[in-house]
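J.: For reference, the structure I am asking about is given below.
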Amino acid sequence: MIFESCLLPELESGVVLTVITSKDNPSVKLYMKLSSSKKERRNSGLYVLEGFRLIEDAVNEKALLKQLFFTEDAYEKYSDELSQVDLKEVKILIISNELGIKISCTEKPQGVFAICEMPPARSLEKEIIKSGKYVVLHGLQDPGNLGMIIRTADAVGMDGVILSESCELYSPKVIRSTMGSAFRMKIFETRDTDELFSCLEANGIKSYAAVIDKDAVDLRTITFEGGCAVFIGNEGNGLPPEVASRCTVKATIKMSGHINSLNAAMATGIFMWEMSGNSIH
112 MIFESCLLPE LESGVVLTVI TSKDNPSVKL YMKLSSSKKE RRNSGLYVLE GFRLIEDAVN
172 EKALLKQLFF TEDAYEKYSD ELSQVDLKEV KILIISNELG IKISCTEKPQ GVFAICEMPP
232 ARSLEKEIIK SGKYVVLHGL QDPGNLGMII RTADAVGMDG VILSESCELY SPKVIRSTMG
292 SAFRMKIFET RDTDELFSCL EANGIKSYAA VIDKDAVDLR TITFEGGCAV FIGNEGNGLP
352 PEVASRCTVK ATIKMSGHIN SLNAAMATGI FMWEMSGNSI H
């Protein structure tokens with residue numbers, strides 16, 4: 112357990128919290144709106160988390176928790192760990208087990224939910240590392256792929272993930288599938304491709320377009336030295352030609368047999384593994 116030590120007032124004083132049973136409770140209604148609506152998340156600057164370990168990771172990485180919900184069973188189950196949690200500014204609510212099932216987005220709910228405030232947007236221009244290794248996701252649509260790529264980037268030690276016209280970072284499915292890596296990785300968002308290329312070029316960062324093209328450079332022959340960024344495109348259509356053509360190098364994963372493409376997350380993982388100084392050949 113890595114939480115800072117601070118007894119919850121409710122646990123310390125023995126006060127019994129009222130159990131919420133209705134979906135019409137304002138806090139529960141807000142949670143449900145944030146869980147289902149991208150527009151609501153964008154307009155409010157809030158997002159949701161589900162699962163004790165994910166919320167534990169969020170707290171450890173100084174995520175801005177605003178409200179925390181426990182089902183009756185979960186509150187009892189995690190009471191010992193709760194006694195060590197630093198939640199001075201967090202509103203704690205207890206909901207019925209039945210309500211917990213209704214608001215959950217998972218097959219096996221743990222009964223722990225949170226509403227968090229989005230952190231300020233990162234500035235690539237201010238935080239970019241000239242010798243850094245980055246992955247740029249342009250037009251990626253599948254939340255599961257995005258989450259897996261962020262998690263893999265964390266695992267291999269990438270310096271950042273850049274989202275360019277890709278699916279929403281704060282989608283519950285994306286956050287859940289990162290398994291905590293979304294709180295540890297530097298993640299940048301941009302909708303201006305021209306500015307992105309200008310920033311990379313100004314910092315001497317070489318760009319690689321991941322493409323399916325027999326004339327592209329075989330990934331296995333590339334030595335990634337200095338700063339570099341690999342561009343990954345949409346799952347179905349790949350990178351737009353105008354984006355691929357602006358990259359320094361077009362690179363491809365040579366495949367054997369009758370396979371001519373890989374899942375976007377798998378292909379990105381192979382590129383990041385090579386970029387991080389490892390090798391699959």
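Residue numbers for the sequence shown follow my numbering, beginning at 112 and rising by one. Positions of the beta carbon are idealized from the N, C-alpha and C atoms, including for glycine.
What does the Cβ neighbour count give for GLY268, buried or exposed, with the cut at 16 atoms within 10 Å?
T.: Translated into positions along the sequence shown, residue 268 becomes position 157. Result: exposed.
J.: Tell me which residues share the same chain as LYS361 and place their Cβ nearer than 7 angstroms to its Cβ, disregarding the 5 neighbours each side in the sequence.
T.: Residue 361 sits at position 250 when you count from the first residue of the sequence shown. For LYS361, where only same-chain residues beyond five positions count, the Cβ hits under 7 angstroms are ALA320, VAL322, ASP324, ALA327, VAL328, ALA355.
J.: Excluding the 5 residues flanking LYS241 on each side, which residues of the same chain have their C-beta closer than 8 angstroms to its C-beta?
T.: As a first step, residue 241 is located in the sequence shown; it is residue number 130 there, counting from the start. If we look at LYS241 and ignore the five residues flanking it on each side, its Cβ neighbours are ASN314, GLY315, ILE316, GLY337, GLY338.
J.: Based on DSSP bridge pairs, tell me the residues matched to SER275.
T.: In the sequence shown, the residue the question calls residue 275 occupies position 164. Answer by DSSP bridge pairing, in chain order: HIS249, THR301.
J.: From which residue to which residue does the alpha helix (DSSP H) around ALA293 run?
T.: As a working mapping, residue 293 is identified with position 182 in the sequence shown. Where ALA293 is concerned, the enclosing alpha helix (DSSP H) stretches over 292–295.
J.: Around the C-beta of SER288, are 16 or more other C-beta atoms found within 10 angstroms, so that it is buried, or is it exposed?
T.: Here residue 288 corresponds to residue number 177 of the sequence shown, with the count starting at 1. It is buried - the Cβ of SER288 has at least 16 other Cβ atoms within 10 Å.
J.: Write down the C-beta distance between LYS202 and GLN178 rounded to the nearest angstrom, noting that I regard them as a contact closer than 8 angstroms.
T.: Position 91 of the sequence shown, counted from the first residue, corresponds to residue 202. Position 67 of the sequence shown, counted from the first residue, corresponds to residue 178. That pair is a contact at about 5 angstroms.
J.: If we count the other Cβ atoms within 10 Å of its Cβ and call it buried at 16 or more, is ALA249 buried or exposed?
T.: Looking up residue 249 in the sequence shown gives position 138. Per the sequence shown, residue 249 should be read as His rather than Ala. Buried: at least 16 other Cβ atoms inside 10 Å.
J.: Quick check on this structure: which residue in GLU353, GLY211, GLU346 has the alpha carbon closest to the alpha carbon of ALA378?
T.: Working through the sequence shown from its first residue, we reach residue 378 at position 267. Nearest of GLU353, GLY211, GLU346 to ALA378, Cα basis: GLU346.
J.: Classify ILE206 as helix, strand or coil using the three-state DSSP reduction.
T.: Position 95 of the sequence shown holds residue 206. Three-state DSSP puts ILE206 in a strand.
J.: I'd like the span of the beta strand (DSSP E) that includes LEU176, first residue to last.
T.: Counting from one through the sequence shown, the residue named residue 176 turns up at place 65. Taken as a continuous stretch (DSSP letters only), the beta strand (DSSP E) holding LEU176 covers 175–182.
J.: Taking the Cβ atom as the reference point for each residue, do GLU238 and CYS310 lie within a distance shorter than 8 angstroms?
T.: Within the sequence shown, the letter at position 127 stands for residue 238. Within the sequence shown, the letter at position 199 stands for residue 310. No, the pair does not count as a contact, with Cβ atoms beyond the cut-off.
J.: Pull up the distance between the alpha-carbon of ILE131 and that of LYS140, whole angstroms please.
T.: Here residue 131 is taken as the residue at index 20 of the sequence shown, counted from 1. Here residue 140 is taken as the residue at index 29 of the sequence shown, counted from 1. Answer to the nearest angstrom: the Cα atoms are 12 angstroms apart.
J.: Can you grab the Cα-Cα spacing for the pair ARG262 / GLU385, in whole Å?
T.: Residue 262 sits at position 151 when you count from the first residue of the sequence shown. Residue 385 sits at position 274 when you count from the first residue of the sequence shown. Looking at the two C-alpha atoms, the distance is approximately 16 angstroms.
J.: Does the region 296–309 come close enough to the region 159–171 to have 3 or more Cβ pairs within less than 8 angstroms?
T.: With a cut-off of 8 angstroms, the region 159–171 and the region 296–309 do not count as touching, because too few Cβ pairs lie within range.
J.: Taking the CB atoms as reference points, tell me whether ILE214 and TYR281 lie closer together than 8 angstroms.
T.: The residue you call residue 214 lines up with position 103 of the sequence shown. The residue you call residue 281 lines up with position 170 of the sequence shown. Their beta carbons are not under 8 angstroms apart, which means ILE214 does not touch TYR281 by this criterion.
J.: Report back the beta-carbon spacing between GLN252 and CYS216 to the nearest angstrom; my notes put them in contact at under 8 angstroms.
T.: For this step, residue 252 is matched to residue 141 along the sequence shown. For this step, residue 216 is matched to residue 105 along the sequence shown. 19 angstroms between Cβ atoms; not a contact.
J.: Is the Cβ of ILE343 closer than 8 angstroms to any Cβ of chain B?
T.: The structure shown contains no chain B; it is built from a single protein chain.
J.: What does the Cβ neighbour count give for ILE212, buried or exposed, with the cut at 16 atoms within 10 Å?
T.: For this step, residue 212 is matched to residue 101 along the sequence shown. ILE212 is exposed by the Cβ-count criterion.
J.: Please give the ranges of any beta strand (DSSP E) in the region 301–385, keeping only runs that are unbroken, at least 3 residues long and fully inside the region.
T.: Counting only runs of 3 or more, we get 317–321, 339–343, 360–363.
J.: The alpha helix (DSSP H) with VAL170 in it runs from where to where?
T.: Numbered from 1 along the sequence shown, position 59 holds the residue referred to as residue 170. Start and end: 163–171.
J.: Using a threshold of 8 angstroms, state whether the C-beta atoms of SER146 and VAL159 are closer than that.
T.: Taking the sequence shown and counting its residues from 1, the one referred to as residue 146 is at position 35. Taking the sequence shown and counting its residues from 1, the one referred to as residue 159 is at position 48. Yes, these two residues count as a Cβ contact at 8 angstroms.
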